[in-house]
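Have a look at the structure below, then the notes.
2 protein chains.
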Amino acid sequence: MNFLEERIQKDGIVKEGNVLKVDSFLNHQMDIDLFKQMGEEWKRRFADAPINKILTIEASGIGIACVVSEYFHAPVVFAKKSKSINIEGDMYITEVESFTHKCKNQVIVSKKFLNPEDHVLIIDDFLANGCALQGLISIVQQSGATLEGIGIAIEKGFQSGGRVIRNLGYHLESLAIVDAMDAQTGKITFREQ
Amino acid sequence: MNFLEERIQKDGIVKEGNVLKVDSFLNHQMDIDLFKQMGEEWKRRFADAPINKILTIEASGIGIACVVSEYFHAPVVFAKKSKSINIEGDMYITEVESFTHKCKNQVIVSKKFLNPEDHVLIIDDFLANGCALQGLISIVQQSGATLEGIGIAIEKGFQSGGRVIRNLGYHLESLAIVDAMDAQTGKITFREQ
């Protein structure tokens, strides 16, 4: 097991309905030393990519992306969730369905901050069905930038998001892939990587 | 002028209605090297405070708080904006009015992550009328933790938020206080500190 899998094993809580709570270190309280380890590991896995910009989505991706960006010496842009139709200025816009909140959100990035010269690394905390990630990829496509790779902290390997993204040929690096969880026993099965 | 005032002068855009756009380096695209300088400066200003936890609010406070936390070796907790009444588990709850979005949000923090032993530094990007900050202070009060201080990147000195907080005796350190802005000329007047 790597450092993140160990931490999930230790502090993650499995709940009914395939819910994995990691709010004590990843997406409510945030362990910045852990985020640094993640940055080091992604830097190793994307060592050859000429990344000059990191893209994430609010809210829980932002902290990870900002700490990780120190290993790439690149600014971070976060996509904003917006319900308002009334968006000022030139924006890349995509629509993302949220299963947690059972609603559709517009997700926007200002055109000023992504352009064809950019080489982008997408960072997010979770990948399950992949809706949010597909939205971020769509924004990179719209901008004409090059998508160098995708770094995910925890992938739910039993949902289709990761498989689809790999099938499409993207370089996806999930630090922990959960293949099964059992809410009764608390057992978490990680995919060998 | 300090480093942040210089950056605001250089890249900030003044718009009608006392709007200051700093989205190229602070709250949409984020300059992580700048955030590190902010962390260094707040560490200097709060040198004697036994801070063990940093509290912020989604979304644009998170990136700053995470980078700044490296100077305090403390985990970050971010308060979540939530419209749902149906909140699982034990939460500190407060209500925050948003002038930008013209709505009220519940703001929540899990009770697990703030308790009477904690010594808290609140970090946020903007302080204007102070609604979000008052909500965060209310959450610290509810938890019984000690509020050691408040670090704000940009305070709009012509609005009442900062004055109220200082009158109440809190240790507030705003890195840039804008006393006036002129959308016609683009001129920004900073308060001498």
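In order, the protein sequences belong to chains A and B.
First residue of the first sequence: 1, per our numbering; consecutive thereafter.
First residue of the second sequence: 1001, per our numbering; consecutive thereafter.
Beta carbons: idealized from backbone N, C-alpha and C, even for Gly.
For the set A:Asn105, A:Lys53 and A:Ser160, the Cα lying nearest the Cα of Lys112 of chain A is the one of A:Lys53.
Interface criterion met: the Cβ of Pro1075 of chain B is under 8 angstroms from a Cβ in chain A. By the Cβ rule, the region 1062 to 1073 of chain B counts as touching the region 51 to 69 of chain A, because three or more pairs are nearer than 8 angstroms. Near chain B, meaning a CB-to-CB distance below 7 angstroms, the residues of the region 51 to 73 of chain A are Glu58, Ala59, Ile62, Gly63, Cys66, Val67, Ser69 and Glu70.
Distance from the CA atom of Ser1174 of chain B to the CA atom of Pro50 of chain A, rounded to whole angstroms, is 36 angstroms.
Counting the other Cβ atoms within 10 Å of the Cβ of Gln1184 of chain B gives fewer than 16, which makes it exposed. Against Ile1032 of chain B, the close residues of chain A are Cys66, Ser69, Glu70, Pro75 and Val76, in the order they occur along the chain (beta-carbon pairs closer than 7 angstroms).
Against chain A, the CB of Gln1029 of chain B has a partner CB under 8 angstroms away; the residue lies at that interface. With a threshold of 16 other beta carbon atoms within 10 Å, Arg1044 of chain B falls short and is exposed. For the C-beta of Ser138 of chain A, not a single chain B residue is nearer than 9 angstroms; the gap to the nearest is close to 18 angstroms. Of the residues assessed, Met1091 of chain B falls on the buried side of the cut-off, its CB having 16 or more other CB atoms within 10 angstroms. Ser1098 of chain B sits exposed, since fewer than 16 C-beta atoms from the chains shown fall within 10 Å of its C-beta.
Taking a cut-off of 8 angstroms on C-beta distances, the region 69 to 79 of chain A touches the region 104 to 120 of chain A, as three or more cross pairs fall below it.
As a beta-bridge residue in DSSP terms, Thr1189 of chain B pairs with B:Ala1180. Non-local C-beta neighbours of Arg7 of chain A in its own chain, meaning closer than 7 angstroms and more than five positions away in sequence, comprise Phe25 and Leu34, ordered along the chain. For Met1 of chain A, there is no enclosing alpha helix (DSSP H), since its DSSP letter is neither H nor E. If the five residues before and after Ala1132 of chain B are omitted, its C-beta is found closer than 6 angstroms to the C-beta atoms of Ile1057 and Val1096, all from its own chain and listed in chain order. The alpha-carbon separation between Tyr71 of chain A and His28 of chain A amounts to approximately 23 angstroms. Collapsing the DSSP output to three states places Ala153 of chain A in a strand.
Judged by DSSP secondary structure, Phe1078 of chain B falls within the beta strand (DSSP E) whose first and last residues are Val1076 to Ser1082. Where Leu133 of chain A is concerned, the enclosing alpha helix (DSSP H) starts and stops at Cys131 to Ser143.
A residue is called buried once 16 or more other Cβ atoms fall within 10 Å of its Cβ, and Thr1094 of chain B is buried on that count. Burial state of Val107 of chain A is buried, judged by a 10 Å Cβ sphere holding 16 or more other Cβ atoms.
Here Leu1127 of chain B is bridged, per DSSP, to B:Glu1155. Asn1002 of chain B and Leu172 of chain A have their C-alpha atoms roughly 41 angstroms apart. One Cα belongs to Lys1010 of chain B, the other to Ala180 of chain A, and the distance between them is close to 51 angstroms.
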